[in-house]
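**Q**
In our numbering, the protein residues as written are 6 to 256.
1. For residue 82 and residue 54, what's the separation of their Cα atoms in angstroms?
2. Would a C-beta distance cut-off of 8 angstroms place residue 162 and residue 216 closer than the cut-off?
3. Is the CB of residue 98 under 8 angstroms away from at least one CB in chain B?
4. Can you tell me where the beta strand (DSSP E) with residue 179 in it begins and where it stops?
5. Below 8 angstroms, how does it come out for the segment 114-126 and the segment 148-158: are there three or more Cβ pairs, yes or no?
6. Cβ atoms of residue 99 and residue 89: under 8 angstroms apart, would you say?
7. Note down the Cα distance separating residue 22 from residue 16, rounded to an integer number of angstroms.
8. By how many angstroms is the C-alpha of residue 167 removed from the C-alpha of residue 63?
9. Are residue 197 and residue 204 touching if we call contact CB-CB under 8 angstroms?
10. Going by the DSSP bridge assignment, what does residue 164 pair with across the sheet?
11. Do residue 142 and residue 251 have their C-beta atoms within less than 8 angstroms of each other?
12. Suppose the cutoff is 7 angstroms on Cβ atoms and the five residues either side in sequence are ignored; what does the same chain contact list for residue 73 look like?
13. Report the rounded CA-to-CA distance for residue 42 versus residue 164, giving the unit in angstroms.
14. Is the number of C-beta pairs between the segment 57-71 and the segment 25-35 that are closer than 8 angstroms three or more?
15. Could you compute how far the alpha carbon of residue 247 sits from the alpha carbon of residue 76?
Shown next, in the form of structure tokens:
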């Protein structure tokens, strides 16, 4: 019987079967380019914070693969919206490669046992962005990332992933139709739903991942219990860094 962790991660499946296929997807099919502003230390976990794009979390799989090679305890654990885990086959696959439902409790537990995580604060609004909105960045909530960083004493690393909106060129999302399927929205691309499941395959678009410098939220706050305005200010600082990296990668 296979040994899975608390969230359904299957290490044997991931490292022996999934990684070679994901490597082909990321480095050959998509020719992903990774840019670091500075080398990251490998002796501590991080909270990577990224923009989000696409109904299927291709960006999470890309981030996990390219950053999982430099984290202190692989694999990098993506924190994703609940709906992706309800998708047939896709949800189970994401669980087996280490993706986790986004929640403060899950993130804290993963960080406590040494994993790095990648969070997508735009959430569903980010996933629902159309092709023309790929360079836009939605709100980052009410500072949950900052509170997580302070509570865990883990630094935040902003990243920008550019090009996913070209791999999944969604030009329309139908919210009402999506709700009939128990989804936040129903994506419409040039190929989906017209080609069925084949329409969900990504196009060979150029992807760039730009990785910023670590941000010590606890140091910026100067307190373990900062005020709401301070949290929101740091939250906006992180968002601004992610946007800069996204635009840098889009050039």
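Ideal placement from N, C-alpha and C gives every residue a C-beta, glycine not left out.
No experiment lies behind these values; they were computed from the predicted model shown.
**A** Let me spell this out:
1. The count along the chain shown starts at 1 and reaches residue 82 at position 77. The count along the chain shown starts at 1 and reaches residue 54 at position 49. Each residue's Cα considered, the two are about 12 angstroms apart.
2. To locate residue 162, count along the chain shown from 1; it is residue 157. To locate residue 216, count along the chain shown from 1; it is residue 211. Contact: yes.
3. In the structure shown, chain B does not exist; there is a single protein chain.
4. The residue you call residue 179 lines up with position 174 of the chain shown. Run containing residue 179: 177-179, per the beta strand (DSSP E) assignment.
5. yes
6. Translated into the one-based positions of the chain shown, residue 89 becomes position 84. Translated into the one-based positions of the chain shown, residue 99 becomes position 94. Yes. Within cutoff.
7. The residue you call residue 22 lines up with position 17 of the chain shown. The residue you call residue 16 lines up with position 11 of the chain shown. For residue 22 and residue 16, the distance between alpha carbons rounds to 10 angstroms.
8. Within the chain shown, residue 63 is the residue found at index 58, counting from 1. Within the chain shown, residue 167 is the residue found at index 162, counting from 1. Approximately 12 angstroms, taken between the alpha carbons.
9. By 1-based counting over the chain shown, the position of residue 197 is 192. By 1-based counting over the chain shown, the position of residue 204 is 199. Their beta carbons are under 8 angstroms apart, which means residue 197 touches residue 204 by this criterion.
10. What you label residue 164 is simply residue 159 of the chain shown in a count that begins at 1. Residue 164 is bridged to 55, 216.
11. To locate residue 142, count along the chain shown from 1; it is residue 137. To locate residue 251, count along the chain shown from 1; it is residue 246. Against a cut-off of 8 angstroms, the Cβ pair of residue 251 and residue 142 comes out as a contact.
12. Here residue 73 refers to the residue found at position 68 of the chain shown. Hits under 7 angstroms: 79, 80, 81.
13. In the chain shown, residue 42 corresponds to position 37, counting from 1. In the chain shown, residue 164 corresponds to position 159, counting from 1. If I take the Cα positions, the gap works out to 10 angstroms.
14. yes
15. In the chain shown, residue 247 corresponds to position 242, counting from 1. In the chain shown, residue 76 corresponds to position 71, counting from 1. Rounded to the nearest angstrom, the two C-alpha atoms are 19 angstroms apart.
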